[in-house]
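Number of protein chains: 2
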Amino acid sequence: MPEKFLTENRAAPDCSYQPRIRLYVEAALAAGALVDLPAPQAHYLTNVMRLKAGDAVCLFNGRDGEWRAVIHEAKRKACVVAVDSLLRAQRAEPDLWLLFAPLKKARTDYLAEKATELGASLLWPVYTRRTVAERVNLDRLRANAIEAAEQSERLTLPDVREPAKLMEALQSWPTDRRLILCDESGTAKPIAEALTATKPTDRFALLIGPEGGFAADELDALRKLPFVSPVGLGPRVLRADTAALAGLACLQALVGDWQQSRD
Amino acid sequence: MPEKFLTENRAAPDCSYQPRIRLYVEAALAAGALVDLPAPQAHYLTNVMRLKAGDAVCLFNGRDGEWRAVIHEAKRKACVVAVDSLLRAQRAEPDLWLLFAPLKKARTDYLAEKATELGASLLWPVYTRRTVAERVNLDRLRANAIEAAEQSERLTLPDVREPAKLMEALQSWPTDRRLILCDESGTAKPIAEALTATKPTDRFALLIGPEGGFAADELDALRKLPFVSPVGLGPRVLRADTAALAGLACLQALVGDWQQSRD
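Protein sequence lines correspond, in order, to chains A and B. Reading the first sequence from the start, the letters are residues 9 to 271 in my numbering. Reading the second sequence from the start, the letters are residues 9 to 271 in my numbering.
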């Protein structure tokens, strides 16, 4: 980065104001790097947020931590930022998978947003017998996850995995990952009780059925798998997206990273 | 109800199929009562769901339990149903309040839906210092709550209270109701730890701030109130609607009615 640029912009706003503008980028991040932002981000910074050369933003890429960067050149469809200083070192984030039967578009958008905020590390659409939505738009799923990661101050994005049939997805299941099955039948242990009985070394995944629920034989087959723990989410009927969010919240509160506070 | 009608329709579909059609009505429910459904419900049953005279639906009104009712007369804008038999007696549902700073329209809709599914008994919009949304459409809030109550098989609706300024709402606070404050400052106890320390006799309310968070002095004032328990919801920044749902899920799982299973 040119010395002149650094000197002139010493008084540029830093990232301590609220809300901070945080962007996910794919480029490597290190002091002095110049990052060419793609057109949609350039548009957002210059036209929507009205930022100018010298203004600061925060960048993360899932690998190199969070960095302060200063706008070097701002045009309507092109924006170059100069990476300045490290704000937060990269660190491990929760290892918590979400397997869900695809829902209608707006509810899948919402689910991706909320699951990302709640710290899911993997979003995996799985087809069950009664899954109605046929196609999953993975680009849209990723875009919603990126926006939520930016806003929630995550340092990573959740992985988005190619859709699979549920039973095929479970054939190569990692034996050390407990699959928490949201079981609406009324026979499963309440979630708090079931999670209290897990081992501290367990890794977790949450499985949510489609709006119509699992088929009876599907549920039977799931319950027989050694890595599956069926759990109940109370006496009311929850929509699939509600069950996903409620399950993730309980997992984080009881066996996840909600024992930590915010930085 | 005419005897002929009952005899002819003995083979009418009952309410055991999925999804059941459940409607909230204001009328009193008792065997033999004829209920005149308002035009939107008549339209839904006859035009959207294509039900005909003799088909069965379920009705509840928040007071008299859930009843099977049979369509007596179906026209496009008018539908009369004959109340038949009691399916579930009225019973107490959770006593769990949600106080929230109003959000933008779509997020308030979503919040009303999810909070109802998660068993909130009261939805109370409160204005905080940084609340941006100025007006709350209470009819819309009620309509979303009704639809969610119908789908989630609740026997009650949540009450919807007139918006109030937060500090005025707290001036006449019932001393036996613990107010769980979602506190993003990073200094509060994690929610699971805080809830474990409450008394079994406690009643609860959850308070969620606006998108911009509580003002610092507002948070200080809240923390000093004897009925307030600040709790943390982990290291990430949650949107206000996410915090509301996550907080309600944890409350139900740890100190609420998620110890019960579905009927």
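Virtual Cβ for every residue (Gly too), placed ideally from N, Cα, C. Bear in mind that the values here come from a model prediction, so they are computed numbers and not experimental data.
Output yes if chain A places a C-beta closer than 8 Å to the C-beta of residue i; else output no.
i	result
Thr-250/B	yes
Gln-260/B	yes
Ala-200/B	yes
Gln-49/B	no
Lys-122/B	yes
Arg-162/B	yes
Asp-265/B	yes
Leu-45/B	no
Glu-125/B	yes
Ala-82/B	no
Ala-213/B	no
Less than 8 Å between CB atoms is the rule here; does residue i satisfy it with respect to chain B?
i	result
Val-56/A	no
Gln-159/A	yes
Phe-68/A	no
Gln-98/A	no
Pro-166/A	no
Ala-254/A	yes
Tyr-118/A	yes
Leu-31/A	no
Ala-153/A	no
Ala-257/A	yes
Nearest chain D C-beta to residue i closer than 8 Å, yes or no?
i	result
Ser-129/B	The structure shown contains no chain D; its protein chains are A and B.
Would you report the Cα separation of residue i and residue j, rounded to the nearest angstrom?
i	j	result
Ile-29/A	Cys-87/A	15 Å
Ile-216/A	Val-78/A	42 Å
Gln-159/A	Ala-41/A	23 Å
Gly-242/B	Pro-198/B	7 Å
Val-33/B	Leu-165/B	11 Å
Asp-92/B	His-80/B	11 Å
Leu-104/A	Gly-264/A	8 Å
Trp-273/B	Gly-240/A	Nothing about residue 273/B can be read from this structure; chain B reaches only from 9 to 271.
Arg-244/B	Leu-95/A	16 Å
Pro-171/B	Leu-149/B	12 Å
Ala-36/A	Ala-61/A	21 Å
Leu-111/A	Leu-214/A	16 Å
Gly-221/B	Phe-108/B	11 Å
Leu-230/B	Leu-246/B	20 Å
Ala-196/B	Ala-82/B	56 Å
Leu-227/A	Met-57/B	29 Å
Ser-193/B	Ala-224/B	9 Å
Ala-90/A	Val-43/A	6 Å
Leu-119/A	Arg-71/A	24 Å
Trp-266/B	Leu-189/A	15 Å
Pro-218/B	Asp-184/A	40 Å
Ala-114/A	Thr-116/B	15 Å
Thr-54/A	Arg-162/A	24 Å
Glu-121/B	His-51/B	22 Å
Asp-147/A	Val-168/A	9 Å
Leu-106/B	Lys-232/B	20 Å
Val-144/A	Ala-156/A	19 Å
Ser-180/B	Ala-38/B	38 Å
Phe-235/B	Ile-154/A	38 Å
Ser-129/A	Gln-49/B	42 Å
Gly-73/B	Leu-178/B	33 Å
Arg-84/A	Val-140/A	41 Å
Closer than 7 Å to a non-hydrogen atom of the ligand PLP - does that hold for the CB of residue i?
i	result
Leu-256/B	Among the components of this structure there are no ligands whatsoever, and the ligand PLP is therefore not found.
**Request:** Tell me the start and end of each unbroken beta strand (DSSP E) in the region 54-126 of chain A that is at least 3 residues and wholly inside, in chain order.
**Result:** 64-68, 74-82, 87-96 and 104-108, all fully within the region 54-126 of chain A.
**Message:** Quick check for students: name the residue ranges of the beta strand (DSSP E) that lie wholly in the region 227-252 of chain A, counting only runs of 3 or more.
**Reply:** Scanning the region 227-252 of chain A for uninterrupted beta strand (DSSP E) segments of 3 residues or longer gives 236-240, listed from N- to C-terminal end.
**Prompt:** Can we say the region 58-67 of chain A touches the region 98-108 of chain A, given the rule of at least three CB pairs closer than 8 Å?
**Reply:** Fewer than three pairs of CB atoms, one per stretch, sit closer than 8 Å, so the region 58-67 of chain A makes no contact with the region 98-108 of chain A.
**Request:** Pull out every residue of the region 221-252 of chain B whose Cβ sits closer than 7 Å to any Cβ of chain A, in chain order.
**Result:** If the cut-off is 7 Å between Cβ atoms, the region 221-252 of chain B has Gly-240, Leu-241, Gly-242, Pro-243, Arg-244, Val-245, Leu-246, Arg-247 and Thr-250 near chain A.
**Asked** Can at least three beta-carbon pairs, one atom from the region 192-207 of chain A and one from the region 247-262 of chain A, be found at a separation below 8 Å?
**Response** Taking a contact to require three or more Cβ pairs closer than 8 Å, the region 192-207 of chain A and the region 247-262 of chain A qualify as touching.
**Prompt:** How do the region 245-254 of chain B and the region 133-145 of chain A stand: do at least 3 beta-carbon pairs fall below 8 Å, yes or no?
**Reply:** Contact between the region 245-254 of chain B and the region 133-145 of chain A is absent, because fewer than three Cβ pairs lie under 8 Å.
**Message:** If we require 4 or more residues per run, which alpha helix (DSSP H) segments fall completely within the region 154-191 of chain B?
**Reply:** Here the runs fully enclosed are 174-179.
**Message:** So within the region 26-53 of chain B, which uninterrupted alpha helix (DSSP H) runs reach at least 4 residues, ignoring any that extend past its ends?
**Reply:** Counting only runs of 4 or more, we get 47-51.
**Prompt:** With a cut-off of 8 Å, do at least 3 Cβ pairs link the region 120-128 of chain A to the region 205-214 of chain B?
**Reply:** Taking 8 Å as the limit for Cβ pairs, the verdict is that the region 205-214 of chain B does not touch the region 120-128 of chain A.
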